[in-house]
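Numbering (UniProt numbering) for the sequence shown: 1 to 464. Think of the CB as a built atom: it goes at the ideal place given N, C-alpha and C, for glycine as much as any other residue. Since the model is a prediction, treat every value here as computed from it, not as a measurement.
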Amino acid sequence: MLDGLEITVVSSIAALLTKPESLNLPAVVVTGSASVYLLGEVAGALFFGHLSDRLGRRNLFILTLAIYLIGSGLTALTLSNGPVSIGWLFLTRFIAGMGIGGEYAAINSAIDELIPAQYRGRIDLLVNGTYWLGALFGTLGSFILLNELEPNLAWRLAFLLGPVLGLIIIIVRRNLPESPRWQIMNGRAEEAEASISQIEREVERTGRALPPVDESKVLELRPAEKIGYVQLTKVLFKEYPTRAVLGASLMITQSFLYNSIFFTYTIVLAKFYGVPAESAPVYLIAFCIGNFLGPLLLGRFFDTVGRKVMISGTYILSGILLAISAVLFNQGMLTAMTQTLAWCLIFFFASAGASAGYLTVSELFPLEVRAKAIAVFFCIAQAFGALGPVIYGKLIGEGPDPDVGNMFIGFMMAAVIMIIGGLVAVVFGVNAEGKSLEDLAPPLGSLDRPGSARAEGAAPPSPA
1 MLDGLEITVV
11 SSIAALLTKP
21 ESLNLPAVVV
31 TGSASVYLLG
41 EVAGALFFGH
51 LSDRLGRRNL
61 FILTLAIYLI
71 GSGLTALTLS
81 NGPVSIGWLF
91 LTRFIAGMGI
101 GGEYAAINSA
111 IDELIPAQYR
121 GRIDLLVNGT
131 YWLGALFGTL
141 GSFILLNELE
151 PNLAWRLAFL
161 LGPVLGLIII
171 IVRRNLPESP
181 RWQIMNGRAE
191 EAEASISQIE
201 REVERTGRAL
211 PPVDESKVLE
221 LRPAEKIGYV
231 QLTKVLFKEY
241 PTRAVLGASL
251 MITQSFLYNS
261 IFFTYTIVLA
271 KFYGVPAESA
281 PVYLIAFCIG
291 NFLGPLLLGR
301 FFDTVGRKVM
311 ISGTYILSGI
321 LLAISAVLFN
331 QGMLTAMTQT
341 LAWCLIFFFA
351 SAGASAGYLT
361 VSELFPLEVR
371 AKAIAVFFCI
381 AQAFGALGPV
391 IYGKLIGEGP
401 DPDVGNMFIG
411 FMMAAVIMII
421 GGLVAVVFGV
431 NAEGKSLEDL
441 APPLGSLDRP
451 GSARAEGAAP
461 PSPA
């Protein structure tokens, strides 16, 4: 939600920041600040993803949230004085991005480790889809501020919407338990037993009877040693190379699509369709609703029809629809309203596929490196995605008469990239629906894992 709110606020006020009555920044600087935010997410994901595997999913939540709140709040203090204001803007956007990047690794790990296998797909998609609830909140808040207050105050208050929502989230997060899987991985058997007992009691209070534990699923584990990114690289490319290609492809393609379109959304509306900056957030409302409905309505099919079919289908279909809309755009057959409706339909499918990208990289790798794996693929995606706003900012240009042909090329580029992501899923997709995380990728500390001491016939250390 916070990431969706933050990106929507920037998108909503992007055109305003280029005007003399606010910061009077060139369009390439405004879109560049979006790229800096994404690069901050990369740094935060790598650093805090590693800490999440070492210190726990829950323990990182408050820290990363605080970093985001500080960064976003400081952005509101940017002054209008040339190079100094640009430097301050970039610095504070980087700090805010670090906090959000750290959140992704911890939260997606916790989702998969706390949700039953038969519901994991739809819940993961739904939780990631709440990005668009934050986007909707940011859109409505920005619209009210832009229309009720003078411009130089409106955009500053818009950057404070995130901290307000963040304070509410701090209260909600106090109820989230630590992942029992993480506790077991770190040799905290008693704490894990207590967490499981608490969860079981909550389920039983709903009147649902829990089945007995399947003894055939028992694993003997050694507590995890300190595993860094070097060890993760070996796991990814030695043990799971096709999954690594799959995860990277899904994350890169969806990130490029979203960052290219979304960060330049209001600028496109303003320059190609003459939509006033104050009215641009209205067009984002339908866009946000379409994006949220995708994971909400399609999520269950990722658990029933299957991951491989649904992921490849949503990626390829969204790419084809984007290509069709690009042709209509190039022929001058779209208005601001029909362009928005076209994007709503495209991203209804793209949003479900994008959320499934996070699901894929969080469920297909071993427990001990899960958060770091999410962080690495997230960073790869954002590094490529950060190119999108800059490329599209250049395609739009600074003049009063933007080049339709350039934007047509940009839209077609994003369409082809999404289709490529879908084709990779056709080839390398994994039918992970309904399977436990340990069946999909045995923990590195499992004594029966191929390559372990027991599996090789040697006497293993005492298990925990």
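**OP:** Just mark residue 118 as buried or exposed, buried being the case when its beta carbon has 16 or more other beta carbons within 10 Å.
**Re:** Label assigned to residue 118: exposed.
Subject >> Buried or exposed by the 16-neighbour rule on C-beta atoms within 10 Å, applied to residue 256 >> reply: A residue is called buried when at least 16 other Cβ atoms come within 10 angstroms of its Cβ; residue 256 meets this threshold and is buried.
Original post:
Do the segment 90 to 105 and the segment 206 to 216 meet, that is, are 3 or more Cβ pairs less than 8 angstroms apart?
Top reply: The segment 90 to 105, when compared against the segment 206 to 216, does not touch it at the 8 angstroms Cβ threshold.
**OP:** Could you tell me which residues DSSP puts in a beta bridge with residue 446?
**Re:** According to DSSP, residue 446 bridges with 221.
Original post:
Is it true that the CB of residue 189 sits closer than 8 angstroms to the CB of residue 5?
Top reply: Annotated as distal: residue 5 and residue 189, with beta-carbon spacing of 8 angstroms or more.
Original post:
Taking Cβ positions, are residue 445 and residue 222 nearer each other than 8 angstroms?
Top reply: In this structure, residue 222 lies closer than 8 angstroms to residue 445 by Cβ.
Subject >> Rounded Cβ spacing between residue 405 and residue 344 (contact assumed at less than 8 angstroms) >> reply: Wrong, their Cβ atoms sit about 25 angstroms apart, outside the cutoff.
**OP:** Measure the CB-CB distance between residue 466 and residue 363 and report whether it falls below 8 angstroms.
**Re:** One cannot answer for residue 466 here, as it falls past the ends of the chain, which runs 1 to 464.
Original post:
Roughly how many whole angstroms lie between the Cα atoms of residue 329 and residue 441?
Top reply: Residue 329 and residue 441: Cα-Cα distance of roughly 45 angstroms.
**OP:** Please classify residue 1: does DSSP put it in a helix, a strand, or coil?
**Re:** The answer is coil: DSSP assigns residue 1 none of H, G, I, E or B.
Original post:
By the 10 Å Cβ neighbour count, where 16 or more other Cβ atoms means buried, how is residue 332 classified, buried or exposed?
Top reply: Exposed, because fewer than 16 other Cβ atoms sit within 10 Å of the Cβ of residue 332.
**OP:** Consult DSSP for residue 434 and reduce its assignment to one of helix, strand or coil.
**Re:** DSSP places residue 434 in coil when its eight states are reduced to three.
**OP:** Identify, in the order they occur along the chain, each residue of the same chain with its Cβ nearer than 6 angstroms to the Cβ of residue 419, setting aside the five sequence neighbours on each side.
**Re:** If we look at residue 419 and ignore the five residues flanking it on each side, its Cβ neighbours are 316 and 319.
Original post:
Should the segment 384 to 395 be regarded as contacting the segment 123 to 132, the criterion being three or more beta carbon pairs within less than 8 angstroms?
Top reply: Cβ pair count under 8 angstroms is below three, so no.
Subject >> C-alpha distance - residue 196 paired with residue 184, whole-angstrom precision >> reply: Pairing residue 196 with residue 184, the inter-Cα distance amounts to about 11 angstroms.
Subject >> Test item: CB-CB of residue 106 and residue 47 under 8 angstroms >> reply: Contact: no.
**OP:** State yes or no: is the C-beta of residue 266 within less than 8 angstroms of the C-beta of residue 14?
**Re:** Their beta carbons are under 8 angstroms apart, which means residue 266 touches residue 14 by this criterion.
Original post:
In this structure, does DSSP put residue 214 in helix, strand or coil?
Top reply: Note: residue 214 maps to coil in three-state DSSP.
Original post:
How is residue 240 classed by DSSP in three states: helix, strand or coil?
Top reply: In the structure shown, the three-state DSSP call for residue 240 is coil.
Original post:
CB-CB under 7 angstroms to residue 530, same chain, minus the five flanking residues each way: which ones, in chain order?
Top reply: Since the first and last residues shown for the chain are 1 and 464, residue 530 lies out of range.
Subject >> C-alpha distance - residue 132 paired with residue 403, whole-angstrom precision >> reply: Those two C-alpha atoms are separated by around 30 angstroms.
Subject >> Validate contact between the segment 224 to 238 and the segment 339 to 356 using beta carbons, cut 8 angstroms, 3 pairs >> reply: As far as the Cβ criterion goes, the segment 224 to 238 does not touch the segment 339 to 356, which means the pair count is below three.
Subject >> C-beta contact flag for residue 154 and residue 165 at 8 angstroms >> reply: Judged by their CB atoms, residue 154 and residue 165 are not nearer to each other than the 8 angstroms cut-off.
**OP:** Determine the direct distance from the alpha carbon of residue 157 to that of residue 76, and round the result to whole angstroms.
**Re:** Approximately 7 angstroms between the Cα atoms of the pair.
Subject >> CB contact flag (residue 51, residue 60, <8 angstroms) >> reply: In this structure, residue 60 lies closer than 8 angstroms to residue 51 by Cβ.
Original post:
For residue 138, does the count of other Cβ atoms within 10 angstroms reach 16, so buried, or fall short, so exposed?
Top reply: By the 10 Å Cβ count, residue 138 comes out buried.
Subject >> Range of the contiguous alpha helix (DSSP H) that encloses residue 69 >> reply: For residue 69, the enclosing alpha helix (DSSP H) stretches over residues 57 to 75.
Subject >> Beta-carbon separation (whole angstroms), residue 306 vs residue 431, contact threshold 8 angstroms >> reply: Sure, about 5 angstroms apart at Cβ, within 8 angstroms.
Subject >> Between the CA atoms of residue 42 and residue 170 - distance to the nearest angstrom >> reply: Taking the straight line from one Cα to the other gives about 23 angstroms.
Subject >> Span of the alpha helix (DSSP H), counted from its first residue to its last, around residue 382 >> reply: 370 to 385 is the span of the alpha helix (DSSP H), which, as asked, contains residue 382.
Original post:
When every heavy atom of the ligand GDP is checked, does at least one fall within less than 7 angstroms of the C-beta of residue 262?
Top reply: In the structure shown, the ligand GDP is absent, as is every other ligand, since no ligand is present at all.
Original post:
By DSSP, does residue 264 sit in helix, in strand, or in coil?
Top reply: Three-state result, residue 264: coil.
**OP:** Kindly list the residues whose CB is nearer than 6 angstroms to the CB of residue 298, restricted to its own chain and excluding five residues on each side of it in sequence; keep chain order.
**Re:** Hits under 6 angstroms: 352.
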